[in-house]
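**Q** Numbering (my numbering), first residue to last: 1101 to 1319.
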Ligand SMILES: NC(=O)c1ccc[n+]([C@@H]2O[C@H](COP(=O)([O-])OP(=O)(O)OC[C@H]3O[C@@H](n4cnc5c(N)ncnc54)[C@H](OP(=O)(O)O)[C@@H]3O)[C@@H](O)[C@H]2O)c1
């Protein structure tokens, strides 16, 4: 399987990249980012790109892939709806539109989050925007698209959040998070489980197009 990864420098993306590099069934990974991830690996190639609303300049390098794991995303904290939609919906659909045109046999997996609002009309701004993003991704002519809706994600294997205070919370509460993962799989998963689940779903499919935390942990 040949994989394109977006968001490889982020917490979720680093976890997904780790699992892809370890999995013998993943032949190669193309990480598309705006800065280098700093990793060297025989299976990994990076494209640095500066306009995530327009992929025309790198289109020729985006064909011939089996799966895209889209882990790029921003927090809605302190953002108004227009800005959050621009960075969430516009970037994701720009990438996915290009990829679906170039790779009709591709499986596209998007990381949204628990509580995403498929009605697009609820009270929570981030949930509406992610709901619209999911709904429109599901309409694109991919072989299949799957929406991953994790709740909390515990970073494992030295992966760190970019936000210092968030990382501090992960460190202090690591034993509690591991316990939660076992007793409340609807609320907690790990970077390892997300990465492994993506690879499995891309390879074998899944009965539903939307996967909650418990689905991710079951895979
Ligand atoms: N962390 C969680 O517990 C959690 C739980 C549920 C859902 N999620 C969702 O998972 C996704 C990833 O979360 P995360 O925690 O991994 O976030 P993160 O650590 O902040 O990483 C975000 C990734 O997106 C890239 N990115 C952000 N804005 C960009 C832009 N304008 N242009 C190009 N690249 C951009 C970042 O690149 P740079 O490194 O260049 O900034 C980075 O690779 C988000 O959609 C989030 O809502 C996360």
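The beta-carbon is built from N, C-alpha and C at its ideal position, and this holds for glycine as well.
It should be emphasised that the depicted structure is a prediction, and the values quoted were computed from it without experimental measurement.
Measuring straight from C-alpha to C-alpha, what distance separates residue 1123 and residue 1257?
**A** In a straight line, the C-alpha of residue 1123 is about 15 Å away from that of residue 1257.
**Q** Let me check understanding here. Comparing Cα to Cα, which of 1125, 1213 and 1195 lies closest to residue 1312?
**A** It is 1213.
**Q** Give the C-beta separation of residue 1246 and residue 1306 to the nearest angstrom, bearing in mind that I take them to be a contact with Cβ-Cβ under 8 Å.
**A** Confirmed, Cβ separation roughly 6 Å.
**Q** Quick one: does the C-beta of residue 1253 sit closer than 7 Å to a heavy atom of ligand 1?
**A** Yes, ligand 1 has a heavy atom inside 7 Å of this Cβ.
**Q** Take every Cβ of the stretch 1146–1153, pair it with every Cβ of the stretch 1116–1136, and state whether three or more of those distances are shorter than 8 Å.
**A** Counting Cβ pairs under 8 Å, three or more are found: they touch.
**Q** Assign residue 1317 to buried or exposed, taking buried as 16 or more other Cβ atoms, counted over all protein chains shown, within 10 Å of its Cβ.
**A** Answer is buried; the Cβ neighbour count reaches 16.
**Q** Answer yes or no: the CB of residue 1178 versus the heavy atoms of ligand 1, is any distance below 7 Å?
**A** Checking every heavy atom of ligand 1 against the Cβ of residue 1178, none is found closer than 7 Å.
**Q** Looking at the unbroken beta strand (DSSP E) that takes in residue 1172, where does it start and where does it end?
**A** Premise fails: residue 1172 is in no beta strand (DSSP E) and is neither H nor E.
**Q** Starting from the Cα of residue 1233, find the closest Cα among 1197, 1140, 1155 and 1302 and give me that residue.
**A** For residue 1233, the nearest C-alpha among the options comes from 1197.
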